[in-house]
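A short write-up of the structure that comes next.
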Amino acid sequence: MTPWQIARGLEAAGVLGMNGRNGDYILQCNPRKLYPLVDDKLVTKELAQRAGLATPELYAAFRYSGEIRRARELLDKYENFVVKPANGSRGNGILVIKGRVGDSLRLASHRLMNWDDLRFHMQNTLSGIYSLGGQQDSVIAEYCVEFDRVFETITHLGVPDIRLIAYNGVPVMGMLRLPTSESEGKANLHQGAIGAGIDLASGRTLTAVWRNSVVHQHPDTLAEVSGIQIPHFDRMLEIAAGCNAMTGLGYVGVDLVLDRTKGPLMLELNARPGLNIQIANQAGLAGRLKAVDRVDVGKNSVAERVAFAKEMFGVRAVN
Amino acid sequence: MRNLHVYILAAALAAIGFGVAAYKYFVIGLPLREKAAVSAWEVESEIRVTANGGPLKLSMFEPDDSREYSVLDKRVAAPEFGISIAPEGANRRLNLTARDAKGPLVARQRFLVRRNTARAPERRQVPPFAQEITLSQTAQTIARTLYVAAHAKSADATTLVSVLLRGLISPARSENVRFLLGDDRSPQKIAMLAAQILRVNGMIARAVHGIDLSKTGVTAEIRTWLEAHVGEHWQAFSVATGESRVPASYFAWWRGDAPFVKVDGGKFERRRVSITRVEETVLRQTLALGKHTGAFLTNYSLYSLPAIQRAVFRVIMTIPIGVFMLVVLRNIVGLRGVGTFMPVLIALSFRETHLLWGLVLFSVALAAGLLVRLYFDHLKLLLVARLGAIVMFVILFLAAVTVLSDKLKFEPGLSVALFPLVILTMTIERVSVIWDESGPAEAIRLAVLSLIIAAFCYLLMAARPVQHIFFAFPEMVLVLMALTLLIGRYTGYRLSELVRFKVLAEPRS
Chain V
1 MTPWQIARGL
11 EAAGVLGMNG
21 RNGDYILQCN
31 PRKLYPLVDD
41 KLVTKELAQR
51 AGLATPELYA
61 AFRYSGEIRR
71 ARELLDKYEN
81 FVVKPANGSR
91 GNGILVIKGR
101 VGDSLRLASH
111 RLMNWDDLRF
121 HMQNTLSGIY
131 SLGGQQDSVI
141 AEYCVEFDRV
151 FETITHLGVP
161 DIRLIAYNGV
171 PVMGMLRLPT
181 SESEGKANLH
191 QGAIGAGIDL
201 ASGRTLTAVW
211 RNSVVHQHPD
221 TLAEVSGIQI
231 PHFDRMLEIA
241 AGCNAMTGLG
251 YVGVDLVLDR
261 TKGPLMLELN
271 ARPGLNIQIA
281 NQAGLAGRLK
291 AVDRVDVGKN
301 SVAERVAFAK
311 EMFGVRAVN
Chain A
1001 MRNLHVYILA
1011 AALAAIGFGV
1021 AAYKYFVIGL
1031 PLREKAAVSA
1041 WEVESEIRVT
1051 ANGGPLKLSM
1061 FEPDDSREYS
1071 VLDKRVAAPE
1081 FGISIAPEGA
1091 NRRLNLTARD
1101 AKGPLVARQR
1111 FLVRRNTARA
1121 PERRQVPPFA
1131 QEITLSQTAQ
1141 TIARTLYVAA
1151 HAKSADATTL
1161 VSVLLRGLIS
1171 PARSENVRFL
1181 LGDDRSPQKI
1191 AMLAAQILRV
1201 NGMIARAVHG
1211 IDLSKTGVTA
1221 EIRTWLEAHV
1231 GEHWQAFSVA
1241 TGESRVPASY
1251 FAWWRGDAPF
1261 VKVDGGKFER
1271 RRVSITRVEE
1281 TVLRQTLALG
1291 KHTGAFLTNY
1301 SLYSLPAIQR
1311 AVFRVIMTIP
1321 IGVFMLVVLR
1331 NIVGLRGVGT
1341 FMPVLIALSF
1351 RETHLLWGLV
1361 LFSVALAAGL
1371 LVRLYFDHLK
1381 LLLVARLGAI
1391 VMFVILFLAA
1401 VTVLSDKLKF
1411 EPGLSVALFP
1421 LVILTMTIER
1431 VSVIWDESGP
1441 AEAIRLAVLS
1451 LIIAAFCYLL
1461 MAARPVQHIF
1471 FAFPEMVLVL
1481 MALTLLIGRY
1491 TGYRLSELVR
1501 FKVLAEPRS
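Next comes the structure, spelled out in structure tokens:
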């Protein structure tokens, strides 16, 4: 195909490009001044708690270097916990601690780390090496999610998460992100995780992509990744549908995890969600966003908006 | 709505940019090519006289600016004389006087003639000089007859003059013409006679004397042609062909029937006019003419700056093109290097060192810096302290390179002084962060890509034609700005996305 034909094909499939996302959606409905609400995960957490959305329990927050000395004192009582930068992006700077070996901390990647290493990592995080633009950061230590057993066979290391794109209160697209050995436990597609599209109507996974090619099996476990029913998916849609009103951002990426005891937990929000979700779903975003624009969903209840999304963006409706 | 606003703004900016540039090109005559060459002529007129002893008065004409030509650098070399200039009819007469002159004397008149790049308005709309009639009564009667005959064979004033002139030139001259001309059939005589005939019949006309600039040499002939005031302006007629035009290389020196040289109290020996062609760049000429005529846009341009600022702005004015290239690469092509405009800054630093040595130096410094950065990683240093230490390392590294270059007599190494070390440091830091986050392959890929983009930026920004265009026509930046604004509202696909999303474009099975 010529580049021109590809461009027309993409247009016809309603694929959203980077310029289109930035120019038509992010610049238009995400005011810059609201970014701190989602860039700082501590702020997002507070916001979600006030809105009654479940998030992983906060164990400790470190805002100043001096507080880091107390890290062991505050965190040693927790067998498992996650340490992450409040302003991090792309899953960088996240450490998942799973148990101890003697005096050392055991990471989910089976690497060992002592408390000094952890304090240095926190110190670095505070000085901003993981934050956008290198500004002052804070460190969050929180509950380590025990992901639902459904994902056990299709996950390597890390925690699988569910990314939903919500536009004007309507979830428009979703994908299940599965860490692989290549992604080192991270659920980011560009780092080598698998992304599986989700049928919004049923909550079942569709095709999956890995490194820009379509796959059906998890490369590490060889288990089937398509056709998996995600439990509590309706609840996830409801959470996502509430995030636009909660933050004021019209176009937002909602990251959720499914804890085996606590159910869906909102992990973080993203004001500039990536476009790979389109590849995972083998479908374009632009068409769905325009479908939302065509109806006035502003005054409808969350339940109505979720019903609208399931009707419009389920597999049967789309095909 | 927002798009419309951007389109209107972009159109306005582009119109202003192109408009000013077009004005400067077409009217002021700033060349698009820096080295575009044009001719100018150095004219020297030398007059030799022998003084009788006693007061000597010698006068000649000084040429003035015309619609086609500007006369600059007028000089008179006549050490024995006092000099004064007085208007005389349509001309300016140069009077050279001496109280007690004896023997042979030489007076030289010298000036530079440039063809106007801009079309200057005609200066004299109405002839300010007296329309003298010198013909006798009989001759006037014949003149009227000739005029009536020419009038009958012509359609308008221009063709009338042509017909009349042809009658005077033609070897088969009528009895009347032969009577009027007498024995002198020189072009001078024909031109003066034609002017007289036209004046008798109420038209305004005069003989024009000048030189043919295309005939360079030491003994240029004086050419004479005819000017008649037709309609609103002066129309030139050749007295060789009678046609209503003279060669463009004809340069008018003085007008009317007066002889070029008048000598009182001495004997005129000879006159010699020499024409030398000198090559000049259009640019130099336009700037000189702009100063001569006081054109606003030339006198308030970047060219009017002192040399040092001019050199600085020659560089600065190329930054927009580099920045624009990055905007295109990012938003249309979808390539990204290390940092937003880092490649432009790297390209600027290449100016000091030139491309090859710049690339080598930058790569070596980057590699060395990365090694140090990776080593510092083990020391668990905080961000700002680590950056500071890397800056210091980079400075020491550059100092060492410079000293070594000096010892080895390696010239390019010495140009390192202004190599922007903060840029280098930030590049090292960014590359090492990418190294940490996305692995060495990605870090090296991005670093190499940045250097390639920087090299292209450098080649573009260091190209003399590009520098000239943006220095001579800074308003072209407005055009670039207009394009940048348009790209800022381009929400179509990037070229890289055609690859990235290609699977989605294929028809569903």
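So the protein lines, in turn, are chains V and A.
Read left to right, the first sequence gives residues 1 to 319 (our numbering).
Read left to right, the second sequence gives residues 1001 to 1509 (our numbering).
Glycine residues also receive a C-beta, built at the ideal position from the N, C-alpha and C atoms.
Could you tell me the distance, in whole angstroms, from the CA atom of residue i to the CA atom of residue j?
| i | j | result |
| --- | --- | --- |
| T1281 (chain A) | C29 (chain V) | 56 Å |
| L157 (chain V) | S1349 (chain A) | 46 Å |
| K84 (chain V) | S65 (chain V) | 15 Å |
| I1028 (chain A) | N1116 (chain A) | 9 Å |
| V254 (chain V) | G1017 (chain A) | 46 Å |
| G185 (chain V) | T207 (chain V) | 21 Å |
| K1074 (chain A) | P1247 (chain A) | 24 Å |
| D296 (chain V) | V172 (chain V) | 15 Å |
What is the DSSP secondary structure of residue i, reduced to helix, strand or coil?
| i | result |
| --- | --- |
| P264 (chain V) | strand |
| A108 (chain V) | coil |
| T1318 (chain A) | coil |
| I194 (chain V) | strand |
| Y1023 (chain A) | helix |
| K1189 (chain A) | helix |
| D1264 (chain A) | strand |
| V1239 (chain A) | coil |
| V295 (chain V) | coil |
| S1509 (chain A) | Only weak support exists for where S1509 (chain A) lies, its pLDDT of 44 falling under 50; the coordinates are left without a value. |
| A1036 (chain A) | coil |
| A208 (chain V) | strand |
| M1481 (chain A) | helix |
| F1501 (chain A) | coil |
Do the CB positions of residue i and residue j come within less than 8 Å of each other?
| i | j | result |
| --- | --- | --- |
| A187 (chain V) | P179 (chain V) | yes |
| G284 (chain V) | G14 (chain V) | yes |
| L1478 (chain A) | V1006 (chain A) | no |
| V252 (chain V) | A280 (chain V) | no |
| V1218 (chain A) | R1272 (chain A) | yes |
| R1110 (chain A) | V1200 (chain A) | no |
| L1146 (chain A) | L1164 (chain A) | yes |
| I1275 (chain A) | V1043 (chain A) | yes |
| Y1025 (chain A) | L1032 (chain A) | yes |
| Y130 (chain V) | E57 (chain V) | no |
| I1428 (chain A) | G1337 (chain A) | no |
| L1345 (chain A) | I1423 (chain A) | yes |
| L200 (chain V) | K310 (chain V) | yes |
| N87 (chain V) | D39 (chain V) | yes |
| V139 (chain V) | F81 (chain V) | no |
| L1451 (chain A) | L1359 (chain A) | yes |
| T2 (chain V) | L265 (chain V) | no |
CB-CB under 7 Å to residue i, same chain, minus the five flanking residues each way: which ones, in chain order?
| i | result |
| --- | --- |
| L1460 (chain A) | I1321, G1322, M1325 and V1466 |
| I1395 (chain A) | L1421 |
| A1195 (chain A) | A1205, R1206, A1207 and L1226 |
| I1142 (chain A) | N1176, F1179 and L1180 |
Leaving out five residues before and five after residue i in sequence, what residues of the same chain have Cβ atoms less than 6 Å from its Cβ?
| i | result |
| --- | --- |
| W115 (chain V) | R72 |
| S1059 (chain A) | R1093, N1095 and K1262 |
| H1229 (chain A) | I1204 |
| Q1285 (chain A) | V1038 and R1114 |
Per the DSSP calculation, residue i is bridged to which residue(s)?
| i | result |
| --- | --- |
| V1273 (chain A) | A:S1045 |
| I140 (chain V) | V:A61 and V:K84 |
| R1144 (chain A) | The partner list for R1144 (chain A) (beta bridge, DSSP) is empty, contrary to what the question assumes. |
| I162 (chain V) | V:L176 and V:L256 |
| I1085 (chain A) | A:L1094 |
| P171 (chain V) | V:A166 |
| M113 (chain V) | V:L105 |
| K98 (chain V) | V:N80 |
Just to confirm my understanding: we take residue i, look at its own chain, exclude 5 residues before and 5 after, and list those with CB closer than 8 Å. What are they?
| i | result |
| --- | --- |
| R1173 (chain A) | G1167 and L1181 |
| L1009 (chain A) | A1482 and L1485 |
| S1162 (chain A) | S1154, F1237, G1242, E1243 and S1244 |
| A1191 (chain A) | A1207, V1208, T1224, W1225, L1226 and V1239 |
| G91 (chain V) | K186, A187, N188 and Q191 |
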